[in-house]
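Quick note: the sequence shown, position 94, residue 236 per our numbering, numbers continuous. Think of the CB as a built atom: it goes at the ideal place given N, C-alpha and C, for glycine as much as any other residue. Bear in mind the structure is a predicted one, so any value in this text is a computation, not a measurement. Read the structure below first, then the notes.
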Amino acid sequence: MAEPQHGVSSTDVKKIARLARLHVEDSQCGAIAADLNGILAWIEQLAEVDVEGVEPMTSAVAMKAPMRADVVTTGGIRDLILANAPKSDDGFFVVPRSVE
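And the structure:
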């Protein structure tokens with residue numbers, strides 16, 4: 143398989159795999175490079191789309207996110223939360239020691 147003039151080569155795949163600490167067989171590098179070059183070509187196609195005047199959107203359906211009042215409270219439910227803990231002491235969670 144011929145290496146591309148531009149884009150990702152088998153050598154690039156080996157380097158990326160080494161940096162990502164992934165084991166990739168030499169026999170797979172050509173196929174992976176071809177897949178990555180296909181993805182990059184698709185991205186180049188997307189760059190050609192004219193989006194002038196198109197408003198950015200976060201959803202395909204126009205909707206308003208439900209909002210709650212931004213009020214600072216003390217919580218006031220410490221005892222309810224600590225009731226779920228396997229072990230608590232003096233209003234705090236008790237956890238096993240992680241450093242000796």
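query: Tell me whether the segment 192-205 and the segment 174-183 touch, counting them as touching only if at least three CB pairs, one residue from each stretch, are closer than 8 Å.; result: no
query: Quick one: residues in its chain with C-beta nearer than 7 Å to the C-beta of residue 149, no 5 flanking neighbours on either side, listed in chain order?; result: 179, 182
query: Pull the bridge partners of residue 230 from the DSSP assignment, please.; result: 235
query: Is it right to say residue 169 is buried, meaning 16 or more other beta carbons lie within 10 angstroms of its own, or is it exposed?; result: exposed
query: Residues in the same chain with beta-carbon distance under 7 Å from residue 236, minus the five sequence neighbours each way, listed in chain order, please.; result: 229, 230
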